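Chains as they are written, first to last, in the numbering used here: chain A, 1 to 893; chain B, 1001 to 1893.
By construction, the Cβ of each residue, glycine as well, lies at the ideal position given by its N, Cα and C atoms.
Just so it is clear, the structure is predicted and the values come from calculations on it, not from any experiment.
Put into structure tokens, the structure is as follows:
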């Protein structure tokens, strides 16, 4: 076998070689090859990294390849690495196929040593610059290559400034920095037990190995575990000749976007800082200039940059993000990549490129995501309103909320009950805070990140949340929170939080609904000339998605209002109409009668009392969805859920007896609750089990459906109910239930003279249902995957019990990359869905297959269900546009 | 395609053609072919039945084939079917491959009509016999072929007897029976709207179609659903020329076994009734004679019968069950089959045939079952003790029990707490009776069968139960049960029940342990000359099973006593050592301390207090199992299980407050219980989740194990612990837990200087674990399938909640043939076990695979696990011999 090629000159690669050269390397090569002024350099492949990590040493042949490429680079630049008189300096940067926090990123100025620093000073005519470059190398090399803690370096720097009585780094002169270099070399020697390597090639090799090794840094490993990125990809290493923007006023550095990444508006957006290096821009020490000002400073470079920007957009056919440096009037491109943008800009930019004829509609669709659309559908603060900014923390769950500060769960619930809007403010939350989180408009914590308890639970609830506002001192005992600059909130003060940006404001900021939602609601029209570009873009791209989608989008809704909204939002059916709520309120007492019934007659009376109002419910829903399928799930929860809580009732009866009072009906009810009490109600007498054990229960519901259907048909309507049996685990259950259902449909058809026969199907929500789906499909007209329960049963945890108890720990440990209730667990639960789909279709080719768990509105899950080959996904009304968009995207990816 | 052959003469078939000819037909053919005197006849195949059921009509060509075979039969018998002068009569019987209740079984005397009855009378010289035969045909044909209710026939018969003032059928003379035939014909006409078909061939065809159709009778369908017999097999139909044992004193009928089916003792066991037909023997109208008496009555037939018996045993190489009839001194064989026998007889007979050199040891092993061995291990009533027999009902759960009668659950629990033995007597039981069932030695009900609530729950508990004692009037209000003959039990009276036979006795019957158990315990030796044949037989066959078994047998035991017993019973390891009990009793308060701990120090102190005693527990267990593997499962249940009940505590605190008392610690505990309260504890914070969330918990247990191991090794012992992590659903969980465990093992090895490293593995008890087993196996040295939890999660029901609530309904409806907690659900749960075994071995060929759910001791399940290819099964100590036997049988089947 020939030794692989481990090193590629920038001129040898291209943008499609991301796997081998990493994202950064591939883009540097691409720019080089289209003739842009990129400082010369080369990339060491991810394969070299993998071999290094496997064997623990640099792969055979690598050193020689580096030497060859380095020599070519030196010849080209007319300088030698670390040459004492005129040194070539290089940067060493990691660059994996996926960007990944926690990896070593950059060592600049490799090649400097005690001798070449003098040469650099001489050549640049700027000894302060030379010594500053050297001390930066020592600091970066010490920290990232030698693993020395950063503090001693910072302390030494501070000490030099203190000694001199100055506060800014820039106030140190060449002599100060030369002395600081001495300090830093001491720190290196003290910590690593040897001097800073003076040999340039040794510096280079050590930096390369450090980049290789950082692939396995703890944070990188954790990140990969969370994001399910394979652990064996490795990173590439980019060696690039240094150019300097800080060698005079004819030099500088900048970053820019080819369009506005916030709004998508066309034009050039960027910042420029003269006589500076990239890290100075990031550090924000001096104010940057708008990029347009460069025209005055250096017209030649400016024009060249504009030309390059135009070329890059045409080349990448997308909004690009660019880093550049001007060294003594010469423009150098340091990096480019497809630029990050706001959700709104993503839609606008995609339609712009489409209008410009640069991409087709499918490509435009690929460039927006359901997650972005979802962001656009949250309420937000009214633009251009006054805001008293307090701090910016982590936007953990999107949306915007204003309300009175409360510091504990009980108060939150109490105030909410009084009709007040509250924001729960805590250091961090734990399961005891759940009632408060439910009561609050939003949640604000001073500790914890995106995987903290507060963040995870709030996202699960769809509740606005800002986390980790570390500048806020929360003193729950004193019922006070103190922010930067002495801003203080006492309980009852109003605070406003933006869960998208992480911003916190004092006082009320008015919240406005999303224009995108108003569009979907039909309140504003896309062809209205006054409407935002954004609304037009959403209209076009969601519309195009509909033409591509192979998956239908239904909704989970159980009342006419939700059905109506979902229909306006584009749902083409109801995938899950729960019937539990039809047993609440006044009707709850009929369930009590049913449970307490002594004999068939009392039972039938209770059932009859439940049937009448349900028929009206069904009639309204079916009329709202006229002409579209409505999948009605027969009653699912255990009956004791309709009775008072066992513990509450026990206490009530015990207290009544203690007081010598007659506990009366409570006592009678307690006996029933005791009889029906279950250790694990989720695993109890529910779903089809209930239907088979309690005579007449399912039949009552089916009769209500059938009668509603008959009434509508008599009025010339087109009701399309489908009857769904929940919690089937064995085909025998469905066969029996089907017999009962078909019997009622026959009866009502005969009695009314209207044919009310309709499809009969089942939820697939138990692992056993999925495993035996081939059999079950023989008795079913349709399957609907109940991925909420299926996830609970497959993992063996109940969302209510465990999400708050340990999901944050699990996310931190990387056991989950994302909650399996948010995105379908493709490996486990998804395998069951695939299995059931395949075996169900095999025995019943006419089977309709849907999914009605909350995953139906999750973008990643929608793609999974597309691949599995389902007929439709069903989600909450607000998620319908997201699902439509993703269904289309899944078809064009 | 040639038309299939639908009809086989008895001479054309053999005993291996069961699928085509049914069991009865195949054996009639076999006897015919070995030259035994079988009345000539022919069999219509199951294939003809299938075609009939598919098309709704008799298959083409069948009628002609029947005509041909009938003609041949007529020629051979010298009579024509239904001939007016000398009629050939035939019986028509169903005969499927599996015997199946609910199918139409028999129509005798087909061929009789108004004319041929006269011919039969003339030929037999017995007109009473002829008219009686005709009225039997009318009655059987009316009921089973025409579907007329049986009552009108019974009423007409009773009326004739009343009119004549007699009570027995036999007191009716020929004229009476002739009149009765007229009555019966009227009943047929009134009900079916047409007269009884006089045409013999029409009678025959209708009877054949009725047998075909009875394949789909409700009870047969239900039975097949329960027993998972395929629905499309169909039944054969046997047409056999009639012979009569009731035509004089030189005639008779009998049944016999070739050995004693009760004890297995050699010799001839049977009954004979002269001048009678088979149904008279069954009806028990007259007392039968011992078969030996036939020698005096008809030496020629007797000798011929003895000869046939010997030939049949040699031919079938097994104990046979025979039906015969003697017609005017001519012996006819009507049926034979391998005979049913008691469990003890099964073992004894199998070893007899082995000793006689007729079968080999593998065949002997095939002839006994684990279910039989289990029966032999229950306590039973001491033989030959006086018993006051009360009634015989359904033996629903085996064993024998004596105790005082109680009529409700509360009283049962109360008396049991006082140390009394009680038998719970109810009309039927429901979930409210659970505490009483737990408290009682046995359960007796007056209603319900083998699938009733009482039966299902008692079997689940391993509690003796007799069901459906319908002769017992249970009056719970009066606290009295009245039996036949006025026997009365009031509360406190002693009753004895035999759950194997279903017998109920008044007063105490002494219960003795099983001799088989005493043998396994080593209390009696198999080579003791005084020992029963049975013990010797068990010794030999279980011993032979061990030599054949591919599956090992481990035990589920968590204390030294159980470990010791299991080792004596032949277990070669502990497959599941639970550690939960190690947190009970006095140690419970340390768990409370752990939960209430404020800070690391308090937590560590609580953990330390738990570690010390656990180390002692492990040391004892590992010493008892010296040299054998002991798989120790780290703590599994949620911590709140160790705290007081939430409802009880709530009531206690509410009452204390009501009384103005200080609830003190109860209040503090309530807060903790409230915090830890879970809606569905089975789906909560337990198993590995607990281990990853509570720092130090798993480590504490592993340290106790490692220290116990080190101590034993220092004493020259050979402890073999294996650490098992419960409830893993994702490989990441196991990887993290494994890191913690390995860390502790390293620490203890270093600290003690003894290498205590040991295998680390996981339970596979969540569907997701099974689905992702290929990944999990990379981090596991072994898997142990927890099929209890796996069954609960896969079906989505909790045994505690649903077994009592609806399993009896499900068994009655045939949704289960058997509880999935009793026998592994091969289709659902079993599919996961197979999947996980295959994918686990694929990624880790060294993986050890066991199963430690209760299925490990269930015969059918053991066979399944053998086929799946597991390494061992683990079961409760008492089930170890059953599992050993079945592991051997699985290997030779």
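Assign residue 1220 of chain B to buried or exposed, taking buried as 16 or more other Cβ atoms, counted over all protein chains shown, within 10 Å of its Cβ.
Numbered from its first residue, the second chain carries residue 1220 of chain B at position 220. Residue 1220 of chain B comes out buried.
Beta-carbon neighbours of residue 1675 of chain B, restricted to chain A and to distances below 8 Å
Here residue 1675 of chain B refers to the residue found at position 675 when the second chain is read from its first residue. Within chain A, the residues near residue 1675 of chain B are 431 and 432.
Taking 8 Å as the limit between beta carbons, can you name the residues of its chain near residue 1418 of chain B, skipping five residues before and five after?
Residue 1418 of chain B sits at position 418 when you count from the first residue of the second chain. Nothing meets the Cβ criterion.
From the beta carbon of residue 1822 of chain B, is the nearest beta carbon of chain A less than 8 Å away?
If you number the second chain from 1, residue 1822 of chain B lands on position 822. Against chain A, the CB of residue 1822 of chain B has no partner CB under 8 Å away; the residue lies outside that interface.
Bounding residues of the alpha helix (DSSP H) (the contiguous stretch that carries residue 1809 of chain B):
Mapped onto the second chain, residue 1809 of chain B falls at position 809. Looking at the DSSP string, the run of the alpha helix (DSSP H) that includes residue 1809 of chain B is 1799-1812.
Rounded straight-line distance, which links the Cα of residue 1426 of chain B to that of residue 1509 of chain B:
Within the second chain, the letter at position 509 stands for residue 1509 of chain B. Within the second chain, the letter at position 426 stands for residue 1426 of chain B. Cα-Cα distance, rounded: 21 Å.
For a quick check, are the C-beta atoms of residue 1025 of chain B and residue 1013 of chain B less than 8 Å apart?
Walking along the second chain from the start, residue 1025 of chain B turns up at place 25. Walking along the second chain from the start, residue 1013 of chain B turns up at place 13. It is a contact, given that the beta carbons lie within the stated cut-off.
Would residue 367 of chain A and residue 346 of chain A qualify as a contact pair, given that the criterion is a beta-carbon distance under 8 Å?
Within the first chain, residue 367 of chain A is the residue found at index 367, counting from 1. Within the first chain, residue 346 of chain A is the residue found at index 346, counting from 1. It is a contact, given that the beta carbons lie within the stated cut-off.
Determine, for residue 1727 of chain B, whether the minimum Cβ-Cβ distance to residues of chain A falls below 8 Å.
Reading the second chain from its first residue, position 727 is the one you call residue 1727 of chain B. Cβ-Cβ to chain A under 8 Å: yes for residue 1727 of chain B.
Does any residue of chain A have a CB that is nearer than 8 Å to the CB of residue 1736 of chain B?
Here the question's residue 1736 of chain B lines up with position 736 in the second chain. Interface with chain A (8 Å Cβ-Cβ cutoff): residue 1736 of chain B is included.
For residue 1027 of chain B, which residues in chain A fall below 9 Å Cβ to Cβ?
Residue 1027 of chain B sits at position 27 when you count from the first residue of the second chain. Using a Cβ-Cβ cut-off of 9 Å, residue 1027 of chain B is close to nothing in chain A; its nearest Cβ partner there is about 33 Å away.
Would you tell me roughly how many angstroms separate the C-alpha atoms of residue 537 of chain A and residue 351 of chain A, rounded to the nearest one?
Counting from one through the first chain, the residue named residue 537 of chain A turns up at place 537. Counting from one through the first chain, the residue named residue 351 of chain A turns up at place 351. If you draw a straight line from the Cα of residue 537 of chain A to the Cα of residue 351 of chain A, it is about 6 Å long.
Using DSSP with H/G/I as helix, E/B as strand and the rest coil, what is residue 1001 of chain B?
Mapped onto the second chain, residue 1001 of chain B falls at position 1. Residue placement at residue 1001 of chain B is flagged as unreliable, the pLDDT there being 49, under the threshold of 50; a coordinate-derived value is accordingly withheld.
8 Å contact criterion, which residue 1046 of chain B and residue 1235 of chain B should meet: CB distance rounded:
By 1-based counting over the second chain, the position of residue 1046 of chain B is 46. By 1-based counting over the second chain, the position of residue 1235 of chain B is 235. Distance from residue 1046 of chain B to residue 1235 of chain B at the Cβ level is roughly 6 Å; contact confirmed, criterion being Cβ atoms closer than 8 Å.
Measure the C-alpha to C-alpha separation of residue 945 of chain B and residue 1190 of chain B and round it to an integer number of angstroms.
No answer is possible for residue 945 of chain B: it lies beyond the span of chain B, which begins at 1001 and ends at 1893.
Is the beta carbon of residue 344 of chain A closer than 8 Å to that of residue 319 of chain A?
As a first step, residue 319 of chain A must be located in the first chain, where it is residue number 319. As a first step, residue 344 of chain A must be located in the first chain, where it is residue number 344. Not in contact: residue 319 of chain A and residue 344 of chain A (Cβ atoms no closer than 8 Å).
Which residue or residues does DSSP assign as beta-bridge partners of residue 88 of chain A?
Within the first chain, the letter at position 88 stands for residue 88 of chain A. BP columns for residue 88 of chain A point to A:81.
Helix, strand or coil: how does DSSP classify residue 364 of chain A here?
Counting from one through the first chain, the residue named residue 364 of chain A turns up at place 364. Three-state result, residue 364 of chain A: helix.
To the nearest angstrom, how far is it from the Cα of residue 1241 of chain B to the Cα of residue 1042 of chain B?
Start at 1 with the first residue of the second chain, and residue 1241 of chain B comes out as number 241. Start at 1 with the first residue of the second chain, and residue 1042 of chain B comes out as number 42. Residue 1241 of chain B and residue 1042 of chain B have their C-alpha atoms roughly 9 Å apart.
Per DSSP, residue 1872 of chain B forms a beta bridge with which residues?
The residue you call residue 1872 of chain B lines up with position 872 of the second chain. Answer by DSSP bridge pairing, in chain order: B:1552 and B:1850.
CA nearest to the CA of residue 1105 of chain B, picked from B:1034, B:1586, B:1238 and B:1173:
Locating residue 1105 of chain B in the second chain gives position 105, where the first residue counts as 1. The candidate whose alpha carbon is nearest that of residue 1105 of chain B is B:1238.
Can you tell me where the alpha helix (DSSP H) with residue 1437 of chain B in it begins and where it stops?
Sequence index remark: in the second chain, residue 1437 of chain B carries index 437 (1-based). From DSSP, the alpha helix (DSSP H) with residue 1437 of chain B extends over 1434-1439.
Distance cutoff 8 Å, beta carbons only. Does residue 654 of chain A sit that close to anything in chain B?
Mapped onto the first chain, residue 654 of chain A falls at position 654. Proximity of residue 654 of chain A to chain B, defined by a Cβ-Cβ separation below 8 Å, is satisfied.
Grab me the residues of residue 1531 of chain B's own chain with a C-beta within less than 8 Å of its C-beta, minus the 5 sequence neighbours each way, in chain order.
Translated into positions along the second chain, residue 1531 of chain B becomes position 531. The residues are 1515, 1519, 1524 and 1525.
Figure out for me which residue from B:1212, B:1365 and B:1606 has the closest Cα to the Cα of residue 1540 of chain B.
Along the second chain, one-based indexing puts residue 1540 of chain B at 540. Of the candidates B:1212, B:1365 and B:1606, the one whose C-alpha sits nearest the C-alpha of residue 1540 of chain B is B:1365.
Quick one: using the 10 Å Cβ neighbour count with 16 as the cut-off for buried, is residue 676 of chain A buried or exposed?
Position 676 of the first chain, counted from the first residue, corresponds to residue 676 of chain A. Counting other Cβ atoms within 10 Å of its Cβ, residue 676 of chain A reaches 16 or more and is therefore classed as buried.
Any beta carbon of chain B sitting closer than 8 Å to that of residue 882 of chain A?
Mapped onto the first chain, residue 882 of chain A falls at position 882. Among the CB atoms of chain B, none fall inside 8 Å of the CB of residue 882 of chain A.
Quick one: is residue 646 of chain A near chain B, going by C-beta distance under 8 Å?
Against the first chain, residue 646 of chain A aligns to sequence position 646. Yes, its Cβ sits closer than 8 Å to a Cβ of chain B.
Would a check of beta-carbon distances place residue 861 of chain A closer than 8 Å to chain B?
Here residue 861 of chain A is taken as the residue at index 861 of the first chain, counted from 1. Against chain B, the CB of residue 861 of chain A has no partner CB under 8 Å away; the residue lies outside that interface.
Helix, strand or coil for residue 1891 of chain B per DSSP?
Residue mapping note: residue 1891 of chain B aligns to position 891 of the second chain, counting from 1. Residue 1891 of chain B falls in the helix class under three-state DSSP.
Do you know how far the Cα of residue 1424 of chain B is from the Cα of residue 1407 of chain B?
As a first step, residue 1407 of chain B must be located in the second chain, where it is residue number 407. As a first step, residue 1424 of chain B must be located in the second chain, where it is residue number 424. For the pair residue 1407 of chain B and residue 1424 of chain B, the Cα-to-Cα distance works out to about 6 Å.
Inspect the beta-carbon positions of residue 1723 of chain B and residue 1760 of chain B and report whether they are closer than 8 Å.
In the second chain, the residue the question calls residue 1723 of chain B occupies position 723. In the second chain, the residue the question calls residue 1760 of chain B occupies position 760. Yes. Within cutoff.
Element boundaries [beta strand (DSSP E), containing residue 574 of chain A]
Here residue 574 of chain A refers to the residue found at position 574 of the first chain. Start and end: 574-577.
Using the beta-carbon of each residue, which ones in chain B are nearer than 7 Å to residue 13 of chain A?
Sequence index remark: in the first chain, residue 13 of chain A carries index 13 (1-based). Chain-order list of chain B residues neighbouring residue 13 of chain A: empty, with the shortest C-beta distance near 35 Å, by a criterion of under 7 Å.
Cβ-heavy atom distance between residue 804 of chain A and the ligand FMN below 7 Å?
Within the structure as shown, the ligand FMN is missing, as the structure has no ligands at all.
For residue 1873 of chain B, the nearest candidate out of B:1892, B:1842 and B:1833 (CA to CA)
By one-based count along the second chain, residue 1873 of chain B stands at place 873. For the residues B:1892, B:1842 and B:1833, the minimum Cα distance to residue 1873 of chain B belongs to B:1833.
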